[in-house]
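The numbering of the sequence shown is our numbering, which starts it at 1 and goes up by one.
Built from N, CA and C at the ideal position, the CB exists for glycine as well.
See below for the structure under consideration.
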Amino acid sequence: VPNSEFITKIVRNLTLANPLGVVSIKLPMPLNTDIERVRDILLTCLTEHQDVLATPAPSVNLEGIEAANLVISLSGSVSSPRRVYAVRSSLLFDILRRLREANIPLGKPVVSATAAEEDG
């Protein structure tokens with residue numbers, strides 16, 4: 001927030017009343033993925049993680065289709081914005097392990113035309 005905003009306007013600290021942080025993760029999955037099975041695995045990861053709060057409830061959503069991937073987004077609330085990075089990392093380790101154990105591959109990241117030109 002620019003200093004002029006502090007002087008000329010009212011600034012509200014939204015974290016004071018609601019100090020929750022939100023962990024958000026997006027995963028690319030191949031189009032032929034058993035999406036219901038993936039959703040169940042991801043929800044299990046969220047609900048079993050000791051730092052992810054039950055309320056508001058964690059969620060797993062099919063965000064869309066990009067290139068040859070389904071894009072799945074998941075989110076869960078944690079007790080503080082300061083916990084987001086550590087919980088996100090912990091969840092990613094758990095998610096990758098569980099997907100590997102279930103023989104479910106991740107999709108390949110979409111490379112923009114600009115990035116592909118720079119590499120070639």
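* To do: Within its chain, find whatever has a CB closer than 7 Å to the CB of Arg98; leave out the 5 residues flanking it on each side and keep chain order.
  => Ile41, Cys45
* What are the start and end residues of the alpha helix (DSSP H) that includes Val135? -> The structure shown does not extend to residue 135, since the chain is modelled only from 1 to 120, so the question has no answer here.
* Arg83 to Ser59 span [Cα, whole Å] -> 18 Å
* Alpha carbon to alpha carbon, how far is Ser89 from Ile25? Give it in angstroms, no decimals. => 10 Å
* Asked: Closest to Asn61 by CA distance: which of Ile72, Gly107, Pro30, Thr55 is it?
  -> Ile72
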